[in-house]
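Protein chains in written order, with this note's numbering: chain Y, 17 to 208; chain W, 17 to 208. Yeah, the Cβ is synthetic: ideal placement off N, Cα and C, and Gly gets one too. Computed from a predicted structure; not experimentally measured.
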DNA sequence: TCAGACCTTGAGTGATCGCTCAAGTTGGCC
DNA sequence: GGCCAACTTGAGCGATCACTCAAGGTCTGA
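Encoded structure:
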């Protein structure tokens, strides 16, 4: 049951990620999950709740991968670079889109969607705090100077990643966006 | 007639900009423009065509403002910084959202929407070519070294602006995003 | 003044939206 | 085998979707 529910949630996540909230219909979700409408509503409550659960699942999965890469990295900044180069949707071939789901969701929900927008902001904030913690570790480890501002660095990294997500949807050749991703990873590693 | 049509198009642009394509209904457009459904279809053809016209109008208006600021700037890079600080939706209080409409539209249209996605890409490319031309002027004027890569600089500026657009929708205090905008403008002006 | 071309109107089209619920099915327990 | 609780099913709810079109109104030129 829980296994089925998780599998259904993964399907829903994929659909919402690629099509967005408004363009994904319950019919779409029925087809993708193999569930009937009654079961969907019994299991998840509503389309909006299922969307929120998808967002949470996405953040959780991405975070797990990040923690895993950080744990086996030789340094905090190296771990962060590994995350960008191997786990982030930008460089993860398994992702349905080379775009962070949270970034896409932020831009779809206007400033008016109330609870959904709040939930997204909450997850973005948590995410950025994790970046901030990594930069703090880098300062402690002597990788970054004491004068560095971890909060500001975390902000800039969030924005840079979002910028690349946008750029990845352009019709450009893959080499261009790949170069931009490695540039960003190099900047994080302070290779320049 | 054309005046009315332009006014209606402006209203449609505002709606599509704030709500996105999928979440804007014909009823919404009727209310905003004061037109009846028959007139809307007589004037614009379809919802998708009206959306494309809105995108074009947006790009045209933004471009006009950009050209105007560039013309009265003391140098190419100064003009570009003025554009960021005064015309771009990020810093333009008249904009319904602090987010470039083209960026939002790129992220809403998946990679599957066919003609709409192509049209957006076309406009983004044109926009980036204009950035590129400015950087070329800056090289000619001696503002940038001959070794600079205008194409790469234009790409990075597009991505940086998109990243800030994402960031502007977060719940953060305005001072934070303002600082990020001035930082970007300073970087363009090569103040660091 | 009136015929004809053009525009506006809004009720109405079939399709699809998110969602419900009574009926049917299943599985565990005594 | 008999019973109840829990789950599954899908027809169908009212609302709304993008869109159409015949009827009514307006304007022009002769």
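| Listed by chain order, chain W residues near residue 86/Y by CB distance under 8 Å | What residue 86/Y touches in chain W: nothing, since even the nearest Cβ is about 23 Å away.
| Do residue 202/Y and residue 97/Y have their C-beta atoms within less than 9 Å of each other? | yes
| said: Does chain Y have any CB closer than 9 Å to the CB of residue 208/W? | reply: Confidence at residue 208/W is low in this model, with a pLDDT of 49, below 50, so its placement is unreliable and the value that follows should be read with caution. Closer than 9 Å: no.
| task | Name, please, each residue of chain Y whose Cβ falls closer than 9 Å to the Cβ of residue 110/W. | result | Per Cβ cutoff of 9 Å: no residues; residue 110/W is ~16 Å from chain Y at best.
| field | Straight-line gap, residue 115/Y to residue 118/W (C-alpha atoms, nearest Å) | value | 16 Å
| Residues of its chain near residue 105/W, where Cβ-Cβ distance is below 7 Å and the 5 sequence neighbours each way are ignored | 111, 113, 114, 115 and 116
| Got a sec: is the Cβ-Cβ distance from residue 185/Y to anything in chain W below 9 Å? | yes
| said: What are the residues in the region 160-187 of chain W lying within 8 Å of chain Y by C-beta distance? | reply: 171, 172, 174, 175, 176, 177, 178, 179, 180, 181, 182, 183, 185, 186 and 187
| message | Along the region 75-105 of chain W, where does the CB come closer than 9 Å to a CB of chain Y? Name the residues. | response | none
| What is the DSSP secondary structure of residue 83/Y, reduced to helix, strand or coil? | helix
| request: Could you tell me the distance, in whole angstroms, from the CA atom of residue 193/W to the CA atom of residue 54/W? | output: 43 Å
| query | For residue 168/W, which option in 149/W, 180/W and 158/W has the closest C-alpha, if you only look at C-alpha atoms? | reply | 149/W
| Buried or exposed: which applies to residue 108/Y, given that a residue is buried once 16 or more other Cβ atoms fall within 10 Å of its Cβ? | exposed
| When the Cα of residue 22/Y is compared with those of 176/Y, 170/Y, 72/Y and 205/Y, which residue comes out closest? | 72/Y
| field | Separation of residue 40/W from residue 62/W, as counted between CA atoms | value | 13 Å
| From 24/W, 20/W, 33/W and 26/W, pick the residue whose C-alpha is nearest to that of residue 125/Y; which is it? | 33/W
| task | Give a yes or no on whether the minimum CB-CB distance between residue 17/Y and chain W is below 9 Å. | result | Note on residue 17/Y: pLDDT 45, under 50, position unreliable in the model; the coordinate value appears next. By this cut-off, residue 17/Y is not an interface position.
| request: May I ask you to report which of helix, strand or coil DSSP gives residue 106/W? | output: helix
| Would residue 92/W pass as a contact of residue 153/W if the rule is Cβ separation under 9 Å? | yes
| field | DSSP three-state assignment for residue 288/W, whether helix, strand or coil | value | For chain W, the structure presents residues 17 to 208; residue 288/W sits outside this window and is missing.
| task | Round the Cβ separation of residue 182/Y and residue 178/W to the nearest angstrom and send it over; I've been treating them as touching at under 8 Å. | result | 4 Å
| query | In whole angstroms, what is the alpha-carbon distance linking residue 42/Y and residue 180/Y? | reply | 31 Å
| What residues in its chain sit with their C-beta under 6 Å from that of residue 173/Y, if we drop five residues either side in the sequence? | 147
| field | Close-in-space but distant-in-sequence residues of the same chain around residue 208/W (CB under 8 Å, 5 per side omitted) | value | Unreliable placement is indicated for residue 208/W, whose pLDDT of 49 sits below 50; the coordinate value is still reported in the next sentence. If we look at residue 208/W and ignore the five residues flanking it on each side, its Cβ neighbours are 202.
| So what's residue 165/Y in DSSP terms, helix, strand or just coil? | coil
| Using a Cβ cut-off of 9 Å, which residues of the region 41-70 of chain Y contact any Cβ in chain W, in chain order? | none
| request: Compute the Euclidean distance between the alpha carbons of residue 87/Y and residue 162/Y, then round it to the nearest angstrom. | output: 23 Å
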